[in-house]
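Working notes for the structure below.
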Amino acid sequence: MDGFSDQPFRTICRQFGSAISYTEFINTTDVLQKHPYILKRIAFQETERPVGFQIYGNSTDEIIKAAEILDDYSPDFFDLNLGCSERHVASRGAGSGLLRFPEKIREIMTALVTHFHIPITAKFRIGWDKTSLNYIEIAKILEDSGASMIAVHGRTRDQRWREPALWQPIEAVKNAVSIPVIGNGDVRTIEDINEMFEQTGCDGIMIGRAAIGNPWIFSRINKNELSQTEILEMISKHWKNVEDFYGREKALVLFRKHLKSYLSTPQFADLELKQLISAADPIIALGIENQPS
Ligand SMILES: Cc1cc2nc3c(=O)[nH]c(=O)nc-3n(C[C@H](O)[C@H](O)[C@H](O)COP(=O)(O)O)c2cc1C
0 MDGFSDQPFR
10 TICRQFGSAI
20 SYTEFINTTD
30 VLQKHPYILK
40 RIAFQETERP
50 VGFQIYGNST
60 DEIIKAAEIL
70 DDYSPDFFDL
80 NLGCSERHVA
90 SRGAGSGLLR
100 FPEKIREIMT
110 ALVTHFHIPI
120 TAKFRIGWDK
130 TSLNYIEIAK
140 ILEDSGASMI
150 AVHGRTRDQR
160 WREPALWQPI
170 EAVKNAVSIP
180 VIGNGDVRTI
190 EDINEMFEQT
200 GCDGIMIGRA
210 AIGNPWIFSR
220 INKNELSQTE
230 ILEMISKHWK
240 NVEDFYGREK
250 ALVLFRKHLK
260 SYLSTPQFAD
270 LELKQLISAA
280 DPIIALGIEN
290 QPS
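Per numbering that gives the first Met the number 0, the sequence shown runs over residues 0 to 292.
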């Protein structure tokens with residue numbers, strides 16, 4: 000997840016049992032223009048393997064050239080993003096914008112599979128909007144083009160994050176292809192994990208928002224049952240990872256949203272936020288006081 004699933008956070012998720020790491024999505028244009036932030040985005044620890052670099056773009060040529068550069072950093076697989084709904088991505092025909100051009104998806108996936116020896120996977124939404132649900136067509140195109148695994152987010156581009164994710168299309172995709180299918184969308188609790196497996200028959204589950212401030216979900220531990228101390232210790236550990244990785248100044252900015260999620264839990268409902276933050280780490284407290292809100 001852009002802005003969240005960086006190396007400091009993913010390594011914690013892995014310690015709690017996440018099976019695969021995907022980088023935050025990577026703009027292939029930025030790779031070719033050698034934007035320095037890309038190096039942070041593709042950094043990973045050996046303990047994270049298998050790790051996939053998730054890429055997006057709208058030009059086959061550019062995607063291949065960027066992936067050639069990224070390949071030098073030894074990912075275990077490349078994942079093609081066909082799900083991003085952001086206007087600046089989708090309206091230029093990248094991310095979920097490609098769902099309107101299935102044959103272009105075939106072209107890109109075939110080129111990636113042909114060019115690289117590592118597995119190529121893809122993640123997609125179930126269509127552009129409700130009048131153009133083409134998830135079976137997309138799944139089959141990806142499989143025919145050589146994709147090793149696909150992940151399905153049960154919403155259209157038009158829905159963004161509105162309305163509950165549909166899980167029936169995940170089941171339909173699972174029944175339509177023979178490659179592994181990962182289900183995604185609105186898995187928030189341990190019960191949801193079991194339910195998605197049962198309802199869809201999918202091979203794996205991708206957890207997004209519910210993991211923010213809650214890496215315990217990968218161990219099927221209910222965060223609500225943890226003590227304040229356990230949560231505060233995790234905050235300190237995560238903060239240290241972030242500070243080591245980015246340096247204090249940037250870490251202070253980036254860690255705030257994680258901190259807010261860690262503390263959004265009934266165990267901390269009655270306590271003053273500032274007091275909690277100070278308990279978690281005085282340095283974070285200091286930084287937050289100095290940040291514009
Ligand atoms: C802040 C944010 C950033 C995201 N960034 C990415 C991304 O870089 N790549 C991607 O495939 N999906 C991204 N997503 C979508 C999630 O991976 C996921 O498909 C979606 O949130 C639904 O799953 P969930 O209900 O488990 O969150 C992002 C979602 C959010 C909220």
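Every residue, glycine too, gets a C-beta built ideally from N, C-alpha and C. Here the structure is a predicted model, which means the values were calculated and not measured.
Whole angstroms is fine: what's the gap from LEU97's alpha carbon to ALA89's? Whole-angstrom Cα-Cα distance: 7 Å.
Does the Cβ of HIS152 lie closer than 7 Å to at least one heavy atom of ligand 1? Checking the 7 Å criterion, the Cβ of HIS152 is within range of a heavy atom belonging to ligand 1.
Does ligand 1 have even one heavy atom less than 7 Å from the beta-carbon of CYS12? Proximity of the beta carbon of CYS12 to ligand 1 is not indicated: no heavy atom of the ligand is located closer than 7 Å.
Run the CB neighbour count on ARG13, radius 10 Å, all protein chains shown included, and call it buried at 16 or more, exposed below. The residue in question, ARG13, is buried, as its Cβ has 16 or more Cβ neighbours within 10 Å.
Spell out the partners DSSP gives ASN240 in its beta bridges. Answer is none; ASN240 lacks a bridge partner.
Ligand 1 heavy atom lying under 7 Å from the CB of ASN193: Relative to ligand 1, ASN193 has its C-beta separated by 7 Å or more from all heavy atoms.
Beta-carbon gap between ILE63 and HIS114 smaller than 8 Å: Going by C-beta atoms, ILE63 is nearer than 8 Å to HIS114.
Enumerate in chain order the residues of its own chain whose CB-to-CB distance from ASP1 is below 7 Å, with the five nearest sequence positions on each side excluded. Closer than 7 Å at Cβ, skipping near neighbours: GLU23, PHE24.
Exposed or buried, what is ARG86 when buried is set at 16 or more other beta-carbons lying within 10 Å of its beta-carbon? Exposed, because fewer than 16 other Cβ atoms sit within 10 Å of the Cβ of ARG86.
SER4 versus GLU67: straight-line alpha-carbon distance, rounded: The alpha-carbon atoms of SER4 and GLU67 are separated by roughly 23 Å.
Which residue from LYS256, VAL252, MET233, GLU271 puts its Cα closest to that of ILE299? Nothing in the structure corresponds to residue 299, since the chain is present only between 0 and 292.
Rounded straight-line distance, which links the Cα of LEU253 to that of PHE74: According to the sequence provided, residue 74 is Pro. The question's Phe does not apply to it. About 25 Å.
One question on the structure: do LEU79 and ILE119 come within less than 8 Å of each other, judged by their Cβ atoms? Cβ atoms of LEU79 and ILE119: closer than 8 Å.
Look up ARG124 in the DSSP assignment and say whether it is helix, strand or coil. In this structure, ARG124 counts as strand in the three-state DSSP scheme.
Just how far apart, CA to CA, sit ARG208 and THR27? When the Cα atoms are used, ARG208 and THR27 turn out to be separated by approximately 24 Å.
Straight-line Cα distance separating GLY82 from PHE76: Roughly 18 Å between the two C-alpha positions.
Using only CA atoms, which one of ALA175, PRO179, LEU69 lies nearest to ALA121? The option with the nearest alpha carbon to ALA121 is PRO179.
7 Å CB neighbourhood of VAL30 in its chain, flanking five on each side removed: Sequence-distant partners of VAL30 (beyond 5 residues in either direction) whose C-beta falls short of 7 Å from its own C-beta, in its chain, are ILE37, ALA65, ILE68, LEU69.
Under 8 Å: do the region 189-199 and the region 210-226 share three or more Cβ pairs, one atom per stretch? Using a Cβ-Cβ distance cut-off of 8 Å, the region 189-199 and the region 210-226 are in contact, since at least three pairs of beta carbons, one from each stretch, lie closer than that value.
8 Å contact criterion, which ALA18 and GLY203 should meet: CB distance rounded: Between GLY203 and ALA18 the Cβ distance is about 7 Å, and since that is below 8 Å, they are a contact.
With DSSP run on the structure shown, which of helix, strand or coil describes VAL186? In the structure shown, VAL186 falls within a coil segment according to DSSP collapsed to helix, strand and coil.
Same chain, Cβ closer than 7 Å to PRO265, five either side skipped, listed in chain order: Closer than 7 Å at Cβ, skipping near neighbours: ASN223.
At 3 residues or longer, and completely inside the region 192-273: list those beta strand (DSSP E) runs for me, N to C. Counting only runs of 3+ residues, the beta strand (DSSP E) found wholly inside the region 192-273 occupies 203-205, in chain order.
If distances are taken between C-alpha atoms only, which option among TYR261, ILE125, ALA138 comes closest to ARG105? Nearest C-alpha to ARG105: ALA138.
Cα-Cα separation, PRO291 to TRP160: A caution first: PRO291 carries a pLDDT of 46, below 50, which makes its placement in the model unreliable, though a value can still be read off. About 27 Å.
My output table needs one value for GLN158: the three-state DSSP class, helix, strand or coil. Shown here, GLN158 sits in coil according to DSSP, grouped into three states, outside any helix or strand.
How long is the line joining the alpha carbons of PHE52 and SER226, rounded to whole angstroms? About 35 Å.
Through-space distance from GLY212 to PHE8, alpha-carbon basis: Roughly 10 Å separates the two Cα atoms.
Presumed contact (8 Å Cβ cut-off) between ILE125 and PRO168, rounded CB distance: The beta-carbon separation of ILE125 and PRO168, rounded to 5 Å, stays under the 8 Å limit for a contact.
Considering only their Cβ atoms, is the gap separating MET108 from ALA146 smaller than 8 Å? Yes, these two residues count as a Cβ contact at 8 Å.
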